[in-house]
Amino acid sequence: MASRAGTVAQSQDLVDLTALLDAYYDVSPDLGDPGQRVAFGTSGHRGTSLKASFNEPHILAITQAIVEYRAGQGITGPLYLAKDTHALSEPAQNSALEVLAANGVHVLIDARHGYTPTPSLSHAILTHNNNSPAGAPQADGIVVTPSHNPPGDGGFKYNPPHGGPADSDATGWIANRANELLENGLRGVKRIPIADALSAATTGKFDFLSSYVDDLPSVLDLDAIREAGVRIGADPMGGASVDYWGEIGERHHLDLTVVNPTVDPQWAFMTLDWDEKIRMDCSSPSAMASLINRMSDAGSGKTAFDIATGNDADADRHGIVTPFVDGQGGLMNPNHYLAVAIDYLYRHRTGWNPQSVIGKTLVSSSIIDRVAESLGRKLVEVPVGFKWFVPGLLSGEGAFGGEESAGASFNRKDGSVWTTDKDGILLALLASEITAVTGKSPSQLYKGLTDQFGDPVYARIDAAATREQKAALGKLSASDVTATELAGETITAKLTEAPGNGAAIGGLKVVTENAWFAARPSGTEDVYKIYAESFKGAEHLKLVQAEAKALVDGVIS
Numbered sequence: 000m001a002s003r004a005g006t007v008a009q010s011q012d013l014v015d016l017t018a019l020l021d022a023y024y025d026v027s028p029d030l031g032d033p034g035q036r037v038a039f040g041t042s043g044h045r046g047t048s049l050k051a052s053f054n055e056p057h058i059l060a061i062t063q064a065i066v067e068y069r070a071g072q073g074i075t076g077p078l079y080l081a082k083d084t085h086a087l088s089e090p091a092q093n094s095a096l097e098v099l100a101a102n103g104v105h106v107l108i109d110a111r112h113g114y115t116p117t118p119s120l121s122h123a124i125l126t127h128n129n130n131s132p133a134g135a136p137q138a139d140g141i142v143v144t145p146s147h148n149p150p151g152d153g154g155f156k157y158n159p160p161h162g163g164p165a166d167s168d169a170t171g172w173i174a175n176r177a178n179e180l181l182e183n184g185l186r187g188v189k190r191i192p193i194a195d196a197l198s199a200a201t202t203g204k205f206d207f208l209s210s211y212v213d214d215l216p217s218v219l220d221l222d223a224i225r226e227a228g229v230r231i232g233a234d235p236m237g238g239a240s241v242d243y244w245g246e247i248g249e250r251h252h253l254d255l256t257v258v259n260p261t262v263d264p265q266w267a268f269m270t271l272d273w274d275e276k277i278r279m280d281c282s283s284p285s286a287m288a289s290l291i292n293r294m295s296d297a298g299s300g301k302t303a304f305d306i307a308t309g310n311d312a313d314a315d316r317h318g319i320v321t322p323f324v325d326g327q328g329g330l331m332n333p334n335h336y337l338a339v340a341i342d343y344l345y346r347h348r349t350g351w352n353p354q355s356v357i358g359k360t361l362v363s364s365s366i367i368d369r370v371a372e373s374l375g376r377k378l379v380e381v382p383v384g385f386k387w388f389v390p391g392l393l394s395g396e397g398a399f400g401g402e403e404s405a406g407a408s409f410n411r412k413d414g415s416v417w418t419t420d421k422d423g424i425l426l427a428l429l430a431s432e433i434t435a436v437t438g439k440s441p442s443q444l445y446k447g448l449t450d451q452f453g454d455p456v457y458a459r460i461d462a463a464a465t466r467e468q469k470a471a472l473g474k475l476s477a478s479d480v481t482a483t484e485l486a487g488e489t490i491t492a493k494l495t496e497a498p499g500n501g502a503a504i505g506g507l508k509v510v511t512e513n514a515w516f517a518a519r520p521s522g523t524e525d526v527y528k529i530y531a532e533s534f535k536g537a538e539h540l541k542l543v544q545a546e547a548k549a550l551v552d553g554v555i556s
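First residue of the sequence shown: 0, per numbering that gives the first Met the number 0; consecutive thereafter.
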């Protein structure tokens, strides 16, 4: 049968909201099943109430654990609490507030009773802490979101006072304590009814939207966008940025159209992703099909917008769509846009530390390495996870950090920190600034980079693996790999630790002069992921992928 990827969802694709919400309250996890225990991945605890992996007991236990963690760390300032548009996000936020209020934590929720993007939460935490006197109580935050995951999923993420994702020491402690509370039948969890929690003296309001939107001129050249008349089409994709985009256009007088302001917890308006699931992945051509079609000129000679952008449900990711000019255009590969953004920013942000480094994850494109070399900037390659960029963004020593999965952030014009979590709104607006200042689209500029540095071909595939095999992959050492060649080229590096900071990558990366692959176990499925790239074309990439799979299977079997 023909794939329905890229076509609008049908009734059979939609989650049953009644069943989903009933299960959140009615189903208790079976702690004998590892999939029903609290587990923090790179972006918090995620799951679905329908599989007993994201239910009220989980959230009550996690929140109590966070209360105890922050007390142990001496964090006594306000806790900013935010949610996205997933159906499970509001009940989970209410459950969290019941626990926080019962424990006397000073909580700040959205003053507009709306949705809050992850970068807006990070911005709020940092603004509070940076504007507070030395020694004053520090703020932290919780954002309730499973990011781009399907409508039936929920997610819960803790951001400590540095504003970014909590590190593994923090999340490990929180998860262990939460599971202990679950095993004890939630004894030790303090809780009051939601009505009492909302009216508690410790519960306050905060205008997340104004704090973020009004501060954008400190990080972007909005004057250039306005003066150039760049026509922007912004698609919130049913997510938390829905009210932000309209306010950005109005407050900063930009030619900006909110393409689709609809919020629907079933996401019935979405086009299906590659696997025929509803997923708000703004880097996916299938999920972004509606916006891509809006950018077609239909023979008129002029597209609807000069730049069109999409965001996932919590707006920490970006998708960039450009008009077709001289064969260049459409939805940009995230790696391509990262390379363009880095090249532009490090040439135009004169207020940044001239020694500031460029941060990228080890599965991002090697064209970034070549761009960094041309800029005379040091490249710092870290494991997957935005938390690794937090220290550099805070200090200004690493003014940009980006991931291949369409997540990035960068510092203000003066080099000070903006957010320490991924900011899809920021990167989307940067595409308009780039167009305004250079007179070229990011797609055209990427073509210029490939003319200079070569044109890499990049892909990710999944390979089946048992839980034991995934564990073995995560514990590999370079000496376990005896191969000396990959796809006809001499292997120049075998990495199980990131060269930028020496942290374990939880897998393996193998590098040659013109290609590389990285293999990492999935945290949610019985597969491992192979990221691969070649500067020698698509056929060579296929050879790299085949040999990579054979090499990894031979080591972990």
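Even for Gly, the Cβ is constructed at its ideal location relative to N, Cα and C.
Predicted model, so just to flag it, every value in this text is computed and none were measured.
A distance below 7 Å between beta-carbons, with the five flanking residues on each side excluded, links V262 to the following residues of its chain, in chain order: T84, G237 and V241. Between L550 and V510, the C-beta spacing is not below 9 Å.
H335 is a Cβ neighbour of I366, given a cutoff of 9 Å. Rounded to the nearest angstrom, the Cβ distance from A427 to F409 is 13 Å, too far for a contact under 8 Å. Contact check for R230 against I291 fails: the beta carbons are separated by 9 Å or more.
Counting C-beta pairs with one atom in each stretch, the region 206-224 and the region 104-124 have three or more that are closer than 8 Å, which means they touch. N158 sits in a strand when the DSSP states are folded into three classes. DSSP lists V324 as the bridge partner or partners of Q327. In this structure, DSSP gives H127 a helical state, which the three-state scheme calls helix. It is roughly 27 Å from the alpha-carbon of P216 to the alpha-carbon of G203. The beta-carbon separation of A123 and Y79, rounded to 5 Å, stays under the 8 Å limit for a contact. Of the residues assessed, R346 falls on the exposed side of the cut-off, its CB having fewer than 16 other CB atoms within 10 angstroms. Annotated as distal: K446 and G401, with beta-carbon spacing of 9 Å or more. The DSSP-derived three-state label of K548 is helix.
The C-alpha of A8 lies about 23 Å from the C-alpha of M331. Here G447 carries a helix assignment [DSSP, helix/strand/coil]. For the pair of segments examined, the region 387-396 was found not to touch the region 511-520: the number of CB pairs separated by less than 8 Å stays below three.
In this structure, the beta-carbon distance from V188 to L87 does not fall below 9 Å. A contact between stretches requires three or more CB pairs, one per stretch, nearer than 8 Å, and the region 275-284 fails this requirement with the region 87-102. Each of S121, L13 and P28 was checked against the Cα of T419, and the nearest Cα belongs to S121.
Taking each of R519, T483 and A486 in turn and checking the Cα distance to A497, the smallest one comes out for R519. Contact check for I460 and Q544: beta-carbon distance about 6 Å, within the 8 Å limit, so the pair qualifies. Judged by beta-carbon spacing, A471 lies within the 9 Å limit of I555, meaning their Cβ atoms are closer than that value. Put simply, the backbone Cα of S94 is about 25 Å away from that of L125. Assigned with DSSP and collapsed to three states, T483 falls in coil, not helix or strand. When the beta-carbon positions are compared, T302 and G318 stay at least 9 Å from each other. Of the candidates S533, L475, T41 and A51, the residue whose Cα lies closest to the Cα of Y457 is S533. Within the model, the alpha-carbon separation for S521 versus P160 is close to 29 Å. Along the length of the region 215-266, whole alpha helix (DSSP H) runs at least 4 residues long occupy 221-227 and 241-250, reported in chain order. Annotated as proximal: N500 and V379, with beta-carbon spacing under 9 Å. For A100, no beta strand (DSSP E) run applies; the uninterrupted alpha helix (DSSP H) run containing it begins and ends at S88 to A101, by DSSP. A Cβ-Cβ separation of about 6 Å places A174 in contact with A38 under the 8 Å criterion.
With contacts defined by Cβ atoms closer than 9 Å, M269 and M279 form a contacting pair.
Counting only the Cα atoms, G43 lies some 23 Å from E467. At a Cβ-Cβ threshold of 9 Å, T144 and D422 do not count as neighbours.
Within the same chain, A435 come within 8 Å of E226 by CB-CB distance, once the 5 residues on both sides are set aside.
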